[in-house]
Each structure stands twice: as structure tokens, then as C-alpha cells.
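Numbering (the numbering used here), first residue to last: 250 to 760. A virtual CB, placed ideally from N, CA and C, is assigned to each residue, including glycine.
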């Protein structure tokens, strides 16, 4: 059909000008939308977009990065791992927790672009895998969430080579080039459904985010529910070959760039172990081990290295802060430090930390930094089942003021303040004129820390109905040279029915 009278088809220079104008319009519109308050609020409210931006803006290149899902988010305490590895390697180590919700291999492969874009890529990457990641019933929203929010344009060829459909790969690349596309879903939710962006995502310490504590009964019920849910999802699932392809590509890309990689399975409480024997899970991890072996990468199972008591989970597989501290410490000492520093001294497994420095002019008596029962102490009743404690457990408020990573606490994860019991120390000799200790918890009758000399109670202290431990100082100059013990008592079942003790020291000049 000939062009209408008075209209000429665009050709040559006219067509070029039109294309330039159209492109400029798109770029300007994208810039306007991308810099809007709404777009910035959307980008800040979701971990999938907020965490990459924070990571790119970080001034220090990472030494170690963790890739995983929400079990990684709540389980890997970046500060603890950094502290442990800095001590093992003899230098400052920067650690990033790059876990994202769902976080299957498709997301982990997307993260490799950010890691390798750094001026100095990480020396080591820990890839964390959960059993559901390789089942065919992996939720589409979970397995595809990373495409428009995490993937970069430069990584489109990597995505296609790993098996991602071309349409998906281009969608991820375009979302990286055009912020308006990246925030499209949030903008539509606001315009048509009136759903405003949530608050800024809590990225915690280098990506680590704390999970709340619950009472033991709730934790057990949640764990059983999650175990049943995973079982229903996995029992008749088929192997997810696509995710295995992304896992393979992740190892290939990182090891090809000279980055050391280790694979670990994520933490889980006791009820979830049964699902590891399901056929699809067993076959998936057989394939995972084979793929990893082809790149010289070690695969480490959670239950073989760093198992944490069920009381330190908020459900079946998400750790509380106290659980994350224990898990991160064990993982660092038993797996990561020997892997990264094979010539470093091995952890003997008796203490969480070296003795905290005593106050000036003091000598340490007890610090409760032992992994298991402190030597010389005896325990009765239910209150001290997990002595020493890493801090708060169950529904307890945050415990503050103690030193190191352990204290003596009579609050029970299972029964809370209803649990009762007693703890008694071994004998020690009073060699200085002052006995100084940190005490917290309740102040009612039936609670206390007692100093016993020759079978007699000579000093006693209680808390102040507070989880903040405070300094207690006893003048014991008339007792110097005598043998003594400490007796910690919890005979109260009501509110504030527990006692806290830490950092017992003898201070002052010895006579």
C-alpha cells in the first residue's frame, strides 16, 4: 500500500533521528523513574536489590563471601566468622553474608558477577546448599526471583551458557540497564493495588540478620511443620537439572577466576534430618558431590561438622543469634580455618574463646567460656542443662554485659523461669582482698550467687530484675588464704526466676 498523501516514510537520516529521539526518551524516562522516591524506596525495601547495592558500595573488598538462602542469612554471623578467621590467618579478614530468600543456585550464579567485578575478588567463597534447592517443585517465584532483581547485563552470556532460557536472561539484563524495569512490579503494586514499599531492608552486619527467639514448644512445633512441608514437596519430586546446571556454572566461574570454593549444607534441627534420605535429595547431593569433585571442590555436610542444639533454632532451620554465634564459630574453627590455613594450630574444642582479659590488677577465677560443662562445676535440676549459655535462649530478653561468648544462666530454653536448679564450683583459694563478679537476673528470694567458706555462707549477691549483668564487688580481705566455693541458686519459678553469672575475678594486691 502506498503511503498516504502528504506523508513520507522515514528513511536514512530521518529514521536515525527518530530512533535517537525514541532512545533518548526511554533513557530520560528511565532516569526520572529510577531516581524517584518510589523507585528508591522499592530498591531499598527488598533484600534482592538492597544487598547488591550495599555490596557494590562497600569500600573494602571481601576476603570471604557466603552464598545461600535464608538459612545463610540467619545462620552465618559475619562478625563472628571474621573474628575467627582473622585470628586463624593472623590478619584482618572481611566477610560478607550474601544470602537471599530462596537463594538457589540460579541466584548464587548471579552473585558471581558482583564478586568478580570487585577490584580484588574474594579469596574464598562458601556456597551453602539446602535440600529443597534441587527438587522439581522448587517454587517458580523462588527460583526466578533473582532474574529481574539480581542479574546484571554483563552476565547474560553466562546465564544462557548455564541453561537459562534466553528470554529470562535478557529480562535480567534489561532490568539491570533500566531501573524502571527492575522496580516495575513494585510500581504496579503501588499504582493499582495501593501497596506501598515496605521499610528499608535490614542488612545487618555485612548481610547477616538476626532471627528472633521463641519458646521451646513453639520451636519444636515449627520444626515438625517444616519437616513435614519439605517432605511433602520432595517425596515425589524429580531432580531439578536446571539448578544443577547453575551450580556447575557457579563453581566453574569462580574456580576459573582463581577463587577458592567450598560447599557446605545448611543448618537444620533434628526433625529435618529424616528428609536427607529421600531419593531426590540423596540423588541431588550425589550429583552435587560429583560436580564439585570435578572442580576440586570439597562438600561438607552440616551434621558432620557444626551441629547446633535444637534450642538455638527459631524453627526447623533458621538459627537465633545465639545459635548463629555457635554455628559460625564451629564452622570457622572446624572447617574454614583448616581449609584456608592448613598450617595453623587446630582447635582443641574445649573453649569458645581464649580467657577474656581480666580487669587491671585482677586474676581470673571463672569465665564460663567452655564449650561443654566448665571443669570443677557440678549441676542439679533443670536450670543449667545448657551450661554455659551463649546468651539469651527461648523467650528470654537479650542478655547483655557478659564477656566473651558464654555465661552461667539458669534460664531454661524449655521451661523459662519455671525451671529450678543449683550449680556449685570447685574449690579455689582466695588470694586477693576483692572478689569481683558480673551478676544479673532476678532479685527475689530463692535466687543468688553465694560465696561459701568452710561450709558457711559469707557473701551473697542477686540480680536487679534485669538481663544486663552488672559488677558486684565483695571485700574478702579477712578471708585471704582460705579455700572457697561459689554456689549459684535458682529456687524461684515466677517472673525473673533466674540468675546470671560471669567473669569471676580476684582483684587487688595480694598480701
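Please list, in chain order, all residues of the same chain as residue i whose beta carbon is under 6 Å from its beta carbon, the five residues on each side excluded.
{"i": "residue 337", "result": "586, 590, 593"}
{"i": "residue 697", "result": "709, 711, 738"}
{"i": "residue 725", "result": "679, 684"}
{"i": "residue 699", "result": "706, 709, 736"}
{"i": "residue 494", "result": "411, 412"}
{"i": "residue 695", "result": "740, 741"}
{"i": "residue 359", "result": "395, 399, 400"}
{"i": "residue 319", "result": "350"}
{"i": "residue 509", "result": "373"}
{"i": "residue 607", "result": "613, 754"}
{"i": "residue 676", "result": "732, 734"}
{"i": "residue 424", "result": "397, 430, 431"}
In chain order, what residues of the same chain have a beta carbon less than 8 Å from the beta carbon of residue i, not counting five sequence neighbours either side?
{"i": "residue 758", "result": "610, 681, 682"}
{"i": "residue 631", "result": "661, 663, 664, 668, 669, 670"}
{"i": "residue 362", "result": "400, 401, 403, 404, 407"}
{"i": "residue 312", "result": "334, 342, 343, 344, 371, 372, 373"}
{"i": "residue 448", "result": "294"}
{"i": "residue 600", "result": "618, 619, 620"}
So, is residue i buried or exposed, given that buried needs 16 or more other C-beta atoms within 10 angstroms?
{"i": "residue 704", "result": "exposed"}
{"i": "residue 306", "result": "exposed"}
{"i": "residue 651", "result": "buried"}
{"i": "residue 648", "result": "buried"}
{"i": "residue 595", "result": "exposed"}
{"i": "residue 526", "result": "exposed"}
{"i": "residue 542", "result": "exposed"}
{"i": "residue 752", "result": "buried"}
{"i": "residue 302", "result": "exposed"}
{"i": "residue 732", "result": "exposed"}
{"i": "residue 331", "result": "buried"}
{"i": "residue 666", "result": "buried"}
{"i": "residue 618", "result": "buried"}
{"i": "residue 369", "result": "exposed"}
{"i": "residue 646", "result": "exposed"}
{"i": "residue 468", "result": "buried"}
{"i": "residue 555", "result": "buried"}
{"i": "residue 466", "result": "exposed"}
{"i": "residue 308", "result": "exposed"}
{"i": "residue 443", "result": "exposed"}
{"i": "residue 639", "result": "buried"}
{"i": "residue 414", "result": "exposed"}
{"i": "residue 571", "result": "buried"}
{"i": "residue 304", "result": "buried"}
Below 8 Å on the Cβ atoms is my guess for residue i versus residue j; work out the distance and round it to an integer in Å.
{"i": "residue 377", "j": "residue 321", "result": "5 Å"}
{"i": "residue 796", "j": "residue 673", "result": "Outside the shown range of the chain, which is 250 to 760, sits residue 796, and nothing can be said about it."}
{"i": "residue 512", "j": "residue 551", "result": "Not really, about 11 Å apart at Cβ, beyond 8 Å."}
{"i": "residue 293", "j": "residue 394", "result": "Wrong, their Cβ atoms sit about 17 Å apart, outside the cutoff."}
{"i": "residue 569", "j": "residue 460", "result": "6 Å"}
{"i": "residue 412", "j": "residue 491", "result": "6 Å"}
{"i": "residue 654", "j": "residue 734", "result": "Rounded, the Cβ-Cβ distance is 25 Å, inconsistent with contact."}
{"i": "residue 479", "j": "residue 380", "result": "7 Å"}
{"i": "residue 374", "j": "residue 316", "result": "6 Å"}
{"i": "residue 364", "j": "residue 314", "result": "6 Å"}
{"i": "residue 326", "j": "residue 529", "result": "Actually they do not touch by this definition, with Cβ atoms about 31 Å apart."}
{"i": "residue 605", "j": "residue 615", "result": "The Cβ separation is near 11 Å, so there is no contact."}
{"i": "residue 462", "j": "residue 643", "result": "6 Å"}
{"i": "residue 504", "j": "residue 546", "result": "7 Å"}
{"i": "residue 576", "j": "residue 324", "result": "6 Å"}
If I measure Cβ to Cβ from residue i and keep anything under 7 Å in the same chain, skipping five residues before and after, which residues do I get?
{"i": "residue 520", "result": "472, 473, 476, 565"}
{"i": "residue 760", "result": "729"}
{"i": "residue 717", "result": "649, 650, 689"}
{"i": "residue 420", "result": "396, 397"}
{"i": "residue 538", "result": "548"}
{"i": "residue 533", "result": "383, 488"}
{"i": "residue 455", "result": "327, 344, 345, 346"}
{"i": "residue 445", "result": "439"}
{"i": "residue 588", "result": "511"}
Which residue or residues does DSSP assign as beta-bridge partners of residue i?
{"i": "residue 377", "result": "513"}
{"i": "residue 524", "result": "None; residue 524 has no bridge partner."}
{"i": "residue 702", "result": "705, 733"}
{"i": "residue 658", "result": "749"}
{"i": "residue 678", "result": "732"}
{"i": "residue 724", "result": "683"}
{"i": "residue 519", "result": "Answer is none; residue 519 lacks a bridge partner."}
{"i": "residue 689", "result": "749"}
{"i": "residue 314", "result": "345, 374"}
Is residue i near the ligand COA, in the sense that its beta carbon is under 7 Å from a heavy atom of that ligand?
{"i": "residue 465", "result": "As for the ligand COA, it is missing from this structure, which has no ligand bound."}
Q | the segment 394-401 / the segment 498-505 touching (three or more Cβ pairs under 8 Å) | A | They do not touch, by the three-pair rule.
Q) Are the segment 287-300 and the segment 347-358 in contact at 8 Å, needing three or more beta carbon pairs? A) Touching, yes.
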